[in-house]
Structures are given as structure tokens and as C-alpha cells.
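Chemist: Numbering (UniProt numbering), first residue to last: 1 to 105.
We treat Cβ as the ideally placed atom computed from N, Cα and C, and that holds for glycine.
First, the structure itself, so that you have it in front of you.
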């Protein structure tokens, strides 16, 4: 549950309004595709901002609504990578702009 809540906060923080800008911001290598590492870096932005005490665990009081079970950065990493794998429709190990903007699979 906390993992989903983290992603809800991301668009508001990132202020990305179109596909090209979204891809550009995530694509640190500027190669027109997003690698798992680039995706992790982008998605961890919300986690790191919410982890106010910097201990690598989102405690219930650091989560939206002030409740939920604690989630570690490693647990969140696994959630993010699983989401990446589901979005990688062609299985090439990268997300294209089309895959990135597709509805969650």
C-alpha cells in the first residue's frame, strides 16, 4: 500500500506535463529510453523526500495519512523494479516513451 502512495505524490513534485518532458527528465543518459537505474533514481525522489529522519524506512508517520506499515528503501526498490518490468512491454530492459506513458499493466 505504501508503495502505491509514494507514486501518487511523485507527479505533483516532478511537475511534468507532457510525455517528452517526462522522458527527458528521467532519461539521464539522453538516449531516448529509460533504464532500470534511471527509473529507480526518479522514483526514489518521493521516497527520499518522505523519509524525514533519513533512516531508509518510511515509518507510518512519514507516509500519506500518517499510517501504513513501515517500508524499507530496499522493499520499495523491489516494488519499483517489478513495476518497471511490467511496463517494459517489449522486454528489451528499457522503457520507451510509449511504454513509460502507457497505463499501468
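#1: Does the structure place the stretch 36–52 close enough to the stretch 63–83 that three or more beta carbon pairs sit under 8 Å?
#2: Which runs of the beta strand (DSSP E) at least 3 residues long sit entirely within the stretch 58–84? Give them in chain order.
#3: Measuring CB atoms only, is the stretch 91–101 touching the stretch 46–62, in the sense that at least three cross pairs come out at less than 8 Å?
#4: List the DSSP bridge partners of residue 95.
#5: Using CA coordinates, which residue listed in 50, 66, 71 and 85 is at the minimum distance from residue 37?
Modeler: So, from the data block:
#1: yes
#2: none
#3: no
#4: 34
#5: 85
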